[in-house]
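**Student:** Adding 24 to a residue's 1-based position in the sequence shown gives its number in our numbering.
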Amino acid sequence: MNIVRCDSAEQAVRHAAELLRAQVARSPKSVMGWATGGTMARLYQELVTLQQQDPLDWSGVRSFHLDEYIGLAADHPQSYRHFLRHQLMAPLGLQEAHAHWLRGDAPDLEQAGRAYESALAQAGGIDLQLLGIGHNGHIGFNEPGARLDTRTRVVRLSPRTLAANQRFFAPGEVQPQWAITLGIQTILESQQIVLLALGEDKARAVAAMAEEPPSELCPASALQAHPATTLVLDAAAAALLTCKNTERSALPAQLPP
Ligand code: F6R
């Protein structure tokens with residue numbers, strides 16, 4: 025894992041945004057795997073700001089996304105499809121024709137999961153998967169206990185995740201208890217992974233992910249086995265890491281004698 029520690033949340037968000045832009049500048053038809061949630065809302069806002077300052081052509085990008093609530097229609101304001109269309113795709117000019125969606129309102133969810141995996145395989149896999157992390161160490165909606173060999177499937181959300189995400193639902197609004205998510209194995213097959221974590225409430229999960237022995241109790245710790253994962257952290261999220269390097273990156277091709 026490369027670990028990029030930034031002094032502030034603003035710097036971390038900027039750094040992650042620049043990694044995404046560099047990927048698209050390098051490879052305009054990249055297959056990107058998008059995440060959602062509060063951290064990603066900040067990141068997408070930053071991408072929109074950078075886009076206004078220095079336009080980049082996103083129209084060739086192929087989009088997949090990480091997860092979706094079961095039972096919400098695509099145009100429900102809390103559906104992740106709605107989130108991504110409004111906060112990311114429309115403002116950056118990503119094309120709907122190149123987007124693949126997890127249909128949490130599909131009549132046959134198992135079939136929807138299988139169809140999604142085959143669309144992903146047909147696209148050649150994910151070039152860059154963006155992730156956040158839950159307080160319990162989840163990635164996507166792979167909650168503690170999820171096995172390493174999991175693929176896209178229906179999962180039950182943990183009480184901790186439900187409590188954390190309640191803030192997005194109006195009082196009295198029904199909050200889905202189930203979701204469909206890319207599996208850990210599917211995520212690990214991505215060429216590159218960028219995980220952004222901000223704030224002291226993520227510090228415990230970040231330390232478990234990066235520095236404790238990999239365990240199903242912290243699904244994000246599976247990323248330790250991935251050869252090209254970059255964690256972008258603000259100081260508060262990095263506060264419990266014992267490795268104090270500012271960046272742990274790959275060795276240069278030529279080591280000095
Ligand atoms: C959402 C997702 C989740 C979030 C995580 C952090 O697509 O996959 O794993 O990234 O729950 O959410 P926030 O940023 O709201 O704390």
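Even for Gly, the Cβ is constructed at its ideal location relative to N, Cα and C.
Source: prediction; values computed, not measured.
Can you give the beta carbon distance from A351 to L257, rounded, assuming they're within the 8 Å contact cut?
**Tutor:** In the structure as shown, the chain begins at 25 and stops at 281. Residue 351 is therefore absent and cannot be evaluated.
**Student:** Helix, strand or coil for G137, going by three-state DSSP, please let me know.
**Tutor:** For the purposes of this step, residue 137 is taken as the residue at position 113 of the sequence shown. If DSSP states are grouped into helix, strand and coil, G137 belongs with the helices.
**Student:** Since I believe Y68 is in contact with Q111 (beta carbons under 8 Å), could you give me their beta-carbon distance rounded to a whole number of angstroms?
**Tutor:** Reading the sequence shown from its first residue, position 87 is the one you call residue 111. Reading the sequence shown from its first residue, position 44 is the one you call residue 68. Right, the Cβ-Cβ distance comes to about 5 Å (below 8 Å), so this counts as a contact.
**Student:** Reducing DSSP to helix, strand and coil, say where Q47 ends up.
**Tutor:** Translated into positions along the sequence shown, residue 47 becomes position 23. It is helical.
**Student:** Using alpha carbons as the reference points, say which of P281, C267, L279 and Q278 lies closest to P29.
**Tutor:** By one-based count along the sequence shown, residue 29 stands at place 5. The residue you asked about is not Pro; residue 29 is Arg in the sequence shown. It is C267.
**Student:** Leaving out five residues on either side along the sequence, give the residues of the same chain with a beta carbon under 8 Å from the beta carbon of D173.
**Tutor:** Start at 1 with the first residue of the sequence shown, and residue 173 comes out as number 149. Answer for D173: G207, I208 and Q209, listed in chain order.
**Student:** List the endpoints of the continuous beta strand (DSSP E) containing L155.
**Tutor:** Locating residue 155 in the sequence shown gives position 131, counting from the first residue. Start and end: L152 to L155.
**Student:** Give a yes or no on contact between the stretch 110-126 and the stretch 78-92, applying the rule of three or more CB pairs nearer than 8 Å.
**Tutor:** yes
**Student:** Report the three-state DSSP secondary structure of D31 (helix, strand or coil).
**Tutor:** The residue you call residue 31 lines up with position 7 of the sequence shown. Note: D31 maps to coil in three-state DSSP.
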